[in-house]
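J.:
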């Protein structure tokens, strides 16, 4: 794993301005940026191809990025509120790792719905596109997690075990890679289903359903204790996954009978 991708020296005039002689580019941050750029290109291309939106405003992506960043960080801090209360300087260590996916997700969705309604963009077809988009960002982001050494799994004696800097020479499940592979498989499945899509919203609802199930399973292998709803039985992420799955199944059945496919 490579938590730091590279460092470079600043010219003297810049080092005087920023009071720093070198800049470190973290692999985690690089993966987030790479995933975001890739997903942005896909979203713009598909929005034009499927919905006839010739120029999707860049402000749409800025809003998503900011909401995802803030929500992901906020939920991360809330997992260990006392720790960050006692170490407030760590609140500003924003680019070396440490995000909660569901924090980003739950922050982004209402803001995206508000934006789409305000701009009078077809909401469900765009959410279908964003389901694919999110998988792209998330899969690449999990590779960043692996390199940052966060979100690792529980100890294991299997051949899959990897020792991270923070696991005290104990081999653990590389759950970041498990999840990245799972997300890529989900991406392939949804792109295949998209060719035979039955109603608007189907791809997005299948995405959050499939991901909720896979995340609940992967949580069994996670080893970084981030708190439980039911001690040692149901983690925060598993509880959120259950709520999302119930909601997704409700809307799937509803939309399947009431929504026709008006965009493809």
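Residue numbers (the working numbering): 26 to 289.
From the three backbone atoms N, C-alpha and C, an ideal C-beta is built for every residue, glycine too.
Output needed for residue 111: all residues of its chain with C-beta closer than 7 angstroms, excluding positions within five of it in sequence on either side, in chain order.
T.: As a first step, residue 111 is located in the chain shown; it is residue number 86 there, counting from the start. There are no such residues.
J.: Rounded to whole angstroms, what's the CA-CA distance from residue 121 to residue 264? Just pull it up for me.
T.: Working through the chain shown from its first residue, we reach residue 121 at position 96. Working through the chain shown from its first residue, we reach residue 264 at position 239. Any reading at residue 121 must be qualified, since the residue scores a pLDDT of 49, below 50, and its modelled position is unreliable; no value is offered.
J.: Assuming residue 164 and residue 28 are in contact, meaning their beta carbons sit under 8 angstroms apart, how far apart are those beta carbons, in whole angstroms?
T.: Here residue 164 is taken as the residue at index 139 of the chain shown, counted from 1. Here residue 28 is taken as the residue at index 3 of the chain shown, counted from 1. That belief does not hold up - the Cβ atoms of residue 164 and residue 28 are roughly 19 angstroms apart, past 8 angstroms.
J.: Are residue 267 and residue 234 touching if we call contact CB-CB under 8 angstroms?
T.: As a working mapping, residue 267 is identified with position 242 in the chain shown. As a working mapping, residue 234 is identified with position 209 in the chain shown. No, the pair does not count as a contact, with Cβ atoms beyond the cut-off.
J.: With a Cβ-Cβ cutoff of 8 angstroms, do residue 97 and residue 128 count as a contact?
T.: Here residue 97 refers to the residue found at position 72 when the chain shown is read from its first residue. Here residue 128 refers to the residue found at position 103 when the chain shown is read from its first residue. Yes, these two residues count as a Cβ contact at 8 angstroms.
J.: With 16 as the cutoff for other CB atoms within 10 Å, does residue 240 come out buried or exposed?
T.: Looking up residue 240 in the chain shown gives position 215. When all chains shown are included, residue 240 counts as buried.
J.: DSSP on residue 187, reduced to helix/strand/coil?
T.: Here residue 187 is taken as the residue at index 162 of the chain shown, counted from 1. Residue state, collapsed to three classes: strand.
J.: In the DSSP assignment, what are the bridge partners of residue 31?
T.: Here residue 31 corresponds to residue number 6 of the chain shown, with the count starting at 1. For residue 31, which the question treats as bridged, DSSP gives the partners 50.
J.: Mind checking residue 65: buried by the 16 CB within 10 Å criterion, or exposed?
T.: Counting from one through the chain shown, the residue named residue 65 turns up at place 40. Buried, by the Cβ-count rule.
J.: What's the C-alpha gap between residue 200 and residue 207?
T.: As a first step, residue 200 is located in the chain shown; it is residue number 175 there, counting from the start. As a first step, residue 207 is located in the chain shown; it is residue number 182 there, counting from the start. Whole-angstrom Cα-Cα distance: 10 angstroms.
J.: Report the residue from 137, 281, 150, 58 whose alpha carbon sits nearest the alpha carbon of residue 78.
T.: Your numbering for residue 78 matches position 53 in the chain shown. Checked all of 137, 281, 150, 58; the closest Cα to residue 78 is 150.
J.: Are the C-beta atoms of residue 79 and some chain D residue less than 8 angstroms apart?
T.: No chain D appears in this structure, which consists of one protein chain only.
J.: In its own chain, which residues sit with a C-beta less than 7 angstroms from the C-beta of residue 180, not counting the 5 before and 5 after it?
T.: Working through the chain shown from its first residue, we reach residue 180 at position 155. These residues qualify, in order along the chain: 195, 196, 197, 248.
J.: In the DSSP output, which residue or residues are listed as bridge partners for residue 197?
T.: Sequence index remark: in the chain shown, residue 197 carries index 172 (1-based). Bridge partners of residue 197: 180, 187.
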